[in-house]
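Chains as they are written, first to last, in the working numbering: chain A, 1 to 257; chain B, 1 to 257.
Here a beta-carbon is modelled for each residue, glycine too, at the ideal position from N, C-alpha and C.
There are 2 protein chains.
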Amino acid sequence: MTNRRFTSLENPTGEQTYKIIEEGLRKRAMILIFSCCRVCYYGRARSRLGPGERLIIIKPDGSFLIHQDRKVEPVNWQPPGSKVRVKIEDDGKILVESIRRKPAEKLTVEIERAHTISYYLARDIHELEVAGHEEDMRQLILESPDIIEKGFKPITREYQTSNGFIDILGKDENGSLMVLELKSRRAGISAVRQLKRYLEDFKDDKHGVRGVLVAPSITHDARELLEAEGLEFKSLEPPQELKKDHRMTLDKFISSR
Amino acid sequence: MTNRRFTSLENPTGEQTYKIIEEGLRKRAMILIFSCCRVCYYGRARSRLGPGERLIIIKPDGSFLIHQDRKVEPVNWQPPGSKVRVKIEDDGKILVESIRRKPAEKLTVEIERAHTISYYLARDIHELEVAGHEEDMRQLILESPDIIEKGFKPITREYQTSNGFIDILGKDENGSLMVLELKSRRAGISAVRQLKRYLEDFKDDKHGVRGVLVAPSITHDARELLEAEGLEFKSLEPPQELKKDHRMTLDKFISSR
DNA sequence: GATTGCATATCGTTG
DNA sequence: CAACGATGTGCAATC
């Protein structure tokens with residue numbers, strides 16, 4: 001069946017498969033192929049996948065995905081911007097190649113037999129709205145510093161040390177420096193090490209510096225290391241409020257200056 | 001069209017969409033729906049996606065993917081093991097829910113109108129064979145230590161320090177300790193910091209300890225920090241040879257003991 | 001264009 | 001089951 005928005009065909013011949021892929025690429029459509037195929041990849045690594053039935057997705061932006069019937073991650077893929085070519089062999093087999101220039105990577109799919117092939121022109125203007133990132137925590141703390149503790153005053157965000165950027169640098173009510181390390185999910189031992197490294201730049205500070213790990217929760221080993229190092233933990237859930245209106249955010253920003 | 005391996009339908013009614021999703025779930029098939037839909041997610045974070053045409057994939061292992069017509073990553077998803085339920089509303093709209101228990105996460109898709117719906121029973125026994133990982137580098141170095149430098153002798157792999165595991169610990173021909181940090185791709189500043197941390201445990205060693213970053217290449221800033229810290233860089237590409245025969249590897253292992 | 005660091009990261013391995 | 005580290009991580013923001 002064919003109309004302007006999509007085309008699909010079941011049990012296509014090799015010729016038909018070739019033609020529909022060509023057409024889909026020309027129209028910059030999203031192409032779906034369910035087929036028995038083999039896959040080779042060469043680039044940052046190298047891989048090979050023996051014959052089996054998988055879903056192939058080619059997107060108009062050059063993204064290329066091969067999905068087996070398990071896992072969230074594609075078994076092979078190419079990123080946006082990759083260039084696709086399709087060839088038909090004498091025996092009717094279809095070869096689809098996707099090439100990326102930098103870094104040089106090549107994905108080759110040999111389609112033995114397609115079960116269904118289709119392409120779609122997707123109308124989709126909306127972007128995903130997300131909340132609950134580390135950045136949302138940061139904004140919350142800058143707007144309401146008392147969440148960390150009474151009298152906490154942020155000085156800067158993204159303060160650079162020789163060991164990377166500190167998320168929030170501030171002072172407590174006694175004027176002691178506080179280094180905050182934010183994590184939007186359960187903090188592990190590596191988060192504590194990160195905080196420990198930031199503090200190295202301040203080890204000569206006379207007033208003493210407090211290191212605080214801010215996260216919804218912390219692993220057992222991480223807490224042990226934290227306490228052994230004289231660091232602190234502050235439990236804080238990342239705010240998950242989706243912004244309904246962008247002007248509100250702007251007003252808030254202006255009024256808070 | 002219907003047979004044992006797959007079913008597909010174009011411009012299905014709400015009832016038909018519901019029925020095919022039900023059937024696909026029951027048969028533990030891979031379900032594909034191209035439709036206009038809205039998506040909500042709540043769990044580790046929260047997100048909302050307004051109406052638009054996307055590809056929905058439900059895999060028999062519970063993996064759930066929603067793909068827009070751009071990017072490699074799905075715009076929303078649920079991991080393997082999630083449980084799917086489908087409902088039909090009075091107005092013919094379809095609600096698909098995927099729930100994960102731990103952590104608690106819920107994905108809700110409201111299908112306004114499906115353009116095509118299909119399901120497939122995929123025959124696929126092959127696993128992906130990959131080469132070019134950090135582990136391949138490690139094996140290469142343990143088998144042929146001279147690749148690092150003449151006279152290098154590995155002592156242990158995965159040596160534990162207070163700052164994490166060292167990839168390979170060894171000695172040079174003069175008996176000085178060498179700490180190797182392996183990276184399968186271009187090493188950045190964080191790799192140098194990691195190596196720096198490992199060496200802290202050895203800073204009292206009388207003979208002096210050498211820290212060596214082993215990677216195919218290194219960023220400019222990373223090289224600067226490396227040299228400032230008196231560390232070394234050894235260029236090594238991860239071996240990309242796909243193993244043809246597992247016995248060969250075993251033989252090699254036995255003969256090298 | 002190169003580099004850095006977050007992510008609903010996902011996924012395998014280990015304790 | 002929890003936790004830790006690698007990944008062809010992908011991706012956006014920043015330089």
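Here Ile125 (chain A) is exposed, its C-beta having fewer than 16 other C-beta atoms within 10 Å. Per DSSP, His67 (chain A) is one residue of the beta strand (DSSP E) stretching across Phe64 to His67. Excluding sequence positions up to five before and after Arg85 (chain A), its CB lies within less than 6 Å of the CB of Glu97, all in the same chain and listed in chain order. In the DSSP assignment, Thr116 (chain B) falls within the unbroken beta strand (DSSP E) covering Glu105 to Tyr120. Counted as a single uninterrupted DSSP element, the alpha helix (DSSP H) harbouring Glu224 (chain A) occupies residues His220 to Ala228. For Ser8 (chain B), the CB contacts under 6 Å within the same chain, skipping 5 residues up- and downstream, are Ser118 in chain order.
Chain A has no Cβ within less than 8 Å of the Cβ of Ala215 (chain B). The beta-carbon of Pro79 (chain A) is placed less than 8 Å from the nearest beta-carbon of chain B. Taking a C-beta distance under 8 Å as the contact criterion, Lys71 (chain B) and Pro80 (chain A) qualify as a contact pair. By the rule that beta-carbons nearer than 8 Å mark a contact, Thr116 (chain A) touches chain B.
For Lys196 (chain A), the number of other beta carbons within 10 angstroms of its own is at least 16, and it is reported as buried. Under the Cβ distance rule, Gly52 (chain A) counts among the residues neighbouring chain B, one pair being separated by less than 8 Å. Per the C-alpha coordinates, the member of B:Lys150, B:Gln68, B:Glu149 and B:Glu112 positioned closest to Glu127 (chain A) is B:Gln68. When C-alpha distances from Ala29 (chain B) are compared across A:Lys27, A:Arg44 and A:Arg54, the shortest belongs to A:Arg54.
In this structure Phe165 (chain A) is exposed. Its beta-carbon is surrounded by fewer than 16 other beta-carbon atoms within 10 angstroms. Taking a C-beta distance under 8 Å as the contact criterion, Phe6 (chain A) and His133 (chain B) do not qualify as a contact pair. In the structure shown, Pro154 (chain A) adopts extended strand secondary structure according to DSSP, grouped into three states. Annotation: the stretch 23-67 of chain A contains the following complete segments of the beta strand (DSSP E) (minimum length 3 residues), in chain order: 30-42, 46-58 and 64-67. With contacts defined as CB atoms closer than 8 Å, Arg48 (chain A) and Cys40 (chain A) qualify as a contacting pair. Annotated as distal: Asp172 (chain B) and Phe202 (chain B), with beta-carbon spacing of 8 Å or more.
When rounded, the separation of the alpha-carbon atoms in Glu232 (chain A) and Thr161 (chain A) is 20 Å. Chain B has a Cβ within less than 8 Å of the Cβ of Asp61 (chain A). Each residue's CA atom was taken as its position, placing Ile20 (chain B) and Ile57 (chain B) some 13 Å apart. Annotation: the continuous alpha helix (DSSP H) that includes Asp136 (chain B) extends over Glu134 to Glu143.
A direct Cα-Cα distance of roughly 46 Å separates Pro51 (chain A) from Pro239 (chain A). For Asp146 (chain A), the three-state secondary structure derived from DSSP is helix. The CB of Tyr120 (chain B) comes closer than 9 Å to the CB of Phe34, Glu53, Leu55, Asp69, His115 and Thr116 in chain A, given here in chain order. Ala222 (chain A) is a Cβ neighbour of Ile189 (chain A), given a cutoff of 8 Å. In the DSSP assignment, Ala191 (chain A) falls within the alpha helix (DSSP H) that extends over Ile189 to Glu200.
Counting only the Cα atoms, Phe34 (chain A) lies some 59 Å from Gly208 (chain B). Taking C-beta separations shorter than 8 Å and ignoring five residues to either side along the sequence, the partners of Tyr198 (chain B) in its chain run Thr161, Asn163, Gly164, Ile166, Val179, Glu181 and Gly211, following chain order. For Gly175 (chain B), the closest C-alpha among the options B:Glu158, B:Tyr159 and B:Pro154 is that of B:Pro154. Contact of Ser8 (chain B) with chain A by beta-carbon distance below 8 Å involves Ser8, Glu10 and Thr116.
Checking the DSSP bridge columns, you'll see Asn76 (chain A) partnered with A:Ile66. Closest in C-alpha terms to Gln16 (chain A), from the list A:Ile94, A:Gly62 and A:Pro74, comes A:Ile94. Residue contact check for His133 (chain A) against chain B: a CB pair falls below 8 Å.
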